[in-house]
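Novice: Numbers in the numbering used here are just positions in the sequence shown, counted from 1, shifted up by 207.
All C-beta atoms in this analysis are idealised placements derived from N, C-alpha and C, irrespective of residue type, glycine included.
Note that the structure is predicted; figures quoted are calculated from it, not measured.
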Amino acid sequence: MGRGRTEIRRIDNTVSRQVTFGKRRAGLFKKANELAVLCDVDVGLLVFSDAGQPFHYCSPHTSWSELIQRYESITSAEFQGTGDEDDDQMFKEIAQLRRERDRLEASLRRQTGEDLPSGATREELDNMDQQLELTLGRVREMKDELLSQQLDESQRKVHILEDQNSFLLHKVTEDGQQHRVAVEATEGSTTPTLMFGGFFPEVEEQLSTSLQLWPQQQQLPAVQGFGLQPSLRLWLRRS
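Below, the structure is given as structure tokens:
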């Protein structure tokens with residue numbers, strides 16, 4: 208089975224393109240050498256790579272200077288004749304463009320009223336009036352369209368700002384509610400302390416219970432003539 212036909216198009220991959228360039232260049236120079244040797248002709252081949260590097264081949268029995276001189280001597284007359292014809296054609300086109308420019312400038316001056324002919328008829332003036340009305344109508348249409356576009360753009364910006372304002376208002380309201388709930392929860396946790404004057408009844412009850420663990424002692428009668436000192440009362444109680 209034979210090889211498929213290769214599509215001739217630019218190679219996108221840089222490495223593949225350089226490899227292909229080297230192979231094809233070598234093959235091209237080989238074919239040029241074979242043509243020069245087999246047919247005894249003068250061949251000059253010049254190739255520039257994509258990086259701007261030149262590659263050239265010249266027949267063994269000639270030089271580049273001889274080839275260039277022969278080429279210039281043969282084609283100089285053709286180039287000179289072609290140049291004269293091209294110059295004449297260019298001058299004709301320039302003259303035609305100038306006439307067209309003058310005609311358009313005169314028409315523009317008449318439409319703006321700067322260069323109205325003194326002998327203009329009523330029909331010509333009516334035509335000019337109609338053209339001005341049409342032009343004015345188109346200008347007004349363009350102006351209205353531009354104003355409409357600007358109005359739509361302004362309304363779109365207003366809607367965007369309203370949406371942002373609504374979002375911010377909702378956010379602020381939600382944060383305020385969360386803060387209020389936190390404050391109420393904090394106040395609810397401190398209410399029992401405030402109700403009992405800053406003291407906890409359970410703690411006071413435990414303290415009073417611990418103080419009542421000792422049995423109450425009977426009061427000794429006071430002896431007439433002297434009183435018992437506190438240390439003596441303590442000793443009597445222990446005894």
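Would you list the one or two residues that DSSP bridges to His263?
Specialist: For the purposes of this step, residue 263 is identified with residue 56 of the sequence shown, where counting begins at 1. Answer is Leu253.
Novice: Starting from the C-beta of Glu279, find all residues in its chain whose C-beta is less than 8 Å away, skip the five residues before and the five after it, and write them out in chain order.
Specialist: Here residue 279 is taken as the residue at index 72 of the sequence shown, counted from 1. The answer is none, since no qualifying residue turns up.
Novice: So Asp249 packs on Ser272, CB below 8 Å; how close in whole Å?
Specialist: Here residue 249 is taken as the residue at index 42 of the sequence shown, counted from 1. Here residue 272 is taken as the residue at index 65 of the sequence shown, counted from 1. Between Asp249 and Ser272, the beta carbon gap of about 12 Å keeps them out of contact (Cβ cut-off 8 Å).
Novice: Along the chain, where does the alpha helix (DSSP H) that runs through Glu214 open and close?
Specialist: Position 7 of the sequence shown holds residue 214. Note, Glu214: premise wrong, no alpha helix (DSSP H); not H, not E.
Novice: Do Phe228 and Tyr264 come within 8 Å of each other at the CB atom, strictly closer than that value?
Specialist: Locating residue 264 in the sequence shown gives position 57, where the first residue counts as 1. Locating residue 228 in the sequence shown gives position 21, where the first residue counts as 1. It is not a contact, given that the beta carbons lie outside the stated cut-off.
Novice: At the level of alpha carbons, what is the spacing between Ser314 and Val346?
Specialist: What you label residue 314 is simply residue 107 of the sequence shown in a count that begins at 1. What you label residue 346 is simply residue 139 of the sequence shown in a count that begins at 1. Rounded to whole angstroms, Ser314 to Val346 spans 19 Å at the Cα level.
Novice: Answer yes or no: do Arg231 and Phe262 have a C-beta to C-beta separation smaller than 8 Å?
Specialist: Within the sequence shown, numbered from 1, the residue matching residue 231 stands at position 24. Within the sequence shown, numbered from 1, the residue matching residue 262 stands at position 55. No, the pair does not count as a contact, with Cβ atoms beyond the cut-off.
Novice: Going by beta-carbon coordinates alone, are Ile218 and Arg212 separated by less than 8 Å?
Specialist: Reading the sequence shown from its first residue, position 11 is the one you call residue 218. Reading the sequence shown from its first residue, position 5 is the one you call residue 212. No.
Novice: Helix, strand or coil: which one does DSSP assign to Ser223?
Specialist: Position 16 of the sequence shown, counted from the first residue, corresponds to residue 223. If DSSP states are grouped into helix, strand and coil, Ser223 belongs with the helices.
Novice: Can you tell me whether DSSP reads Val248 as helix, strand or coil?
Specialist: In the sequence shown, counting from the first residue as 1, residue 248 sits at position 41. Residue state, collapsed to three classes: coil.
Novice: In angstroms, rounded to a whole number, what distance separates the CA positions of Leu252 and Arg310?
Specialist: By 1-based counting over the sequence shown, the position of residue 252 is 45. By 1-based counting over the sequence shown, the position of residue 310 is 103. Their Cα atoms are separated by approximately 52 Å.
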